[in-house]
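What follows is a short report on a single structure.
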Amino acid sequence: MLTIDSLTELDHDEWEGLTRSFHAHWAGRPGRPATEVDDDGYERTWQRLVNGEQVRGICARLDGKMVGIAHYLFHDSVWGAGRCYLAELFVDPQARRRGIATAMIERVAKDGDEHGAPRLYWNTEIDADARALYDKLAVYKGYIVYNYSWPATTAVT
Numbered sequence: 049m050l051t052i053d054s055l056t057e058l059d060h061d062e063w064e065g066l067t068r069s070f071h072a073h074w075a076g077r078p079g080r081p082a083t084e085v086d087d088d089g090y091e092r093t094w095q096r097l098v099n100g101e102q103v104r105g106i107c108a109r110l111d112g113k114m115v116g117i118a119h120y121l122f123h124d125s126v127w128g129a130g131r132c133y134l135a136e137l138f139v140d141p142q143a144r145r146r147g148i149a150t151a152m153i154e155r156v157a158k159d160g161d162e163h164g165a166p167r168l169y170w171n172t173e174i175d176a177d178a179r180a181l182y183d184k185l186a187v188y189k190g191y192i193v194y195n196y197s198w199p200a201t202t203a204v205t
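The numbering of the sequence shown is my numbering, which starts it at 49 and goes up by one.
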């Protein structure tokens with residue numbers, strides 16, 4: 049049976065394991081720097097998730113085992129209702145193609161709507177396997193995302 053719940057203090061160890069798997073999944077991919085998070089970084093993020101700060105987290109459990117995590121936040125919009133940004137979504141590779149990611153996205157969207165942020169959006173790589181799912185659930189608007197780091201460098205890569 050699939051359940052989707054907000055993260056609680058009792059979820060820490062399973063959450064950290066899945067989050068580390070998420071970072072390992074993306075590390076070293078072409079064009080992406082390795083995602084290095086030290087132990088303090090995991091703990092800071094965990095505290096933000098469970099202390100009800102701006103960042104929120106949910107988990108998916110399949111027959112009692114945590115198999116998915118999602119991290120998201122709400123923010124204002126310049127011209128309209130608030131927005132909900134899905135920052136991270138990860139489902140254990142052994143549990144994929146069972147509707148877990150869809151259920152998690154729908155749960156995040158519902159939470160956003162209930163908190164005055166009815167527009168949910170997220171980013172993904174152009175060649176991500178997950179796009180087949182995303183194209184069923186949402187509309188690709190053709191935007192390109194730029195990431196700017198401060199201080200700016202003049203080197204072109």
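For every residue, glycine included, the Cβ atom is placed at its ideal position computed from N, Cα and C.
Tell me whether the beta-carbon of residue 46 lies closer than 8 angstroms to the beta-carbon of residue 153.
-> A question about residue 46 goes unanswered here, because the residues of the chain that appear run from 49 up to 205.
Note the first and the last residue of the continuous alpha helix (DSSP H) segment covering residue 105.
-> For residue 105, there is no enclosing alpha helix (DSSP H); the enclosing beta strand (DSSP E) has its first and last residue at 103-110.
Given residue 156 as reference, the closest of 89, 122, 128, 66 once Cα atoms are compared = When each option's Cα is compared against that of residue 156, the closest is 122.
So what does DSSP say about residue 53, is it helix, strand or coil?
-> Secondary structure of residue 53 (DSSP, three-state): strand.
Residue 182 (DSSP reduced to helix, strand or coil) = Three-state result, residue 182: helix.
Chain-order list of residues whose beta-carbon lies under 7 angstroms from that of residue 135 (same chain, five-residue window excluded) | These residues qualify, in order along the chain: 119, 120, 121.
Consult DSSP for residue 84 and reduce its assignment to one of helix, strand or coil.
-> Residue 84: coil per DSSP, three-state reduction.
Take residue 124 and list the residues in its own chain whose beta-carbon comes closer than 7 angstroms to its own, dropping the five residues that flank it on each side.
-> Its chain contains 130 as the residues whose beta carbon lies nearer than 7 angstroms to that of residue 124, once the 5 sequence neighbours on both sides are disregarded; these appear in chain order.
Sequence ranges, beta strand (DSSP E) only - wholly within the segment 125-201, length at least 3 = Listed in chain order, they are 131-139, 167-169.
How do the segment 107-116 and the segment 136-146 stand: do at least 3 beta-carbon pairs fall below 8 angstroms, yes or no?
-> The segment 107-116, when compared against the segment 136-146, does touch it at the 8 angstroms Cβ threshold.
Alpha helix (DSSP H) containing residue 66: first to last residue?
-> Residue 66: member of the alpha helix (DSSP H) spanning 60-74, first to last residue.
How would you label residue 63, buried or exposed, when you count the other beta carbons within 10 angstroms and need 16 or more for buried?
-> Burial call: buried.
Within this structure, are the beta carbons of residue 196 and residue 169 separated by less than 8 angstroms?
-> No, these two residues do not count as a Cβ contact at 8 angstroms.
What does residue 121 pair with, by DSSP beta-bridge criteria?
-> Note: residue 121 sits in a beta bridge opposite 103, 133.
Please state whether DSSP places residue 204 in a helix, a strand or coil.
-> Any reading at residue 204 needs caution, since the residue's pLDDT is 49, under 50, leaving its predicted position unreliable; the model's value is listed next. Correct three-state label for residue 204: coil.
Give a yes or no on whether 8 angstroms exceeds the smallest Cβ distance from residue 178 to chain C.
-> No chain C is part of this structure, which consists of one protein chain only.
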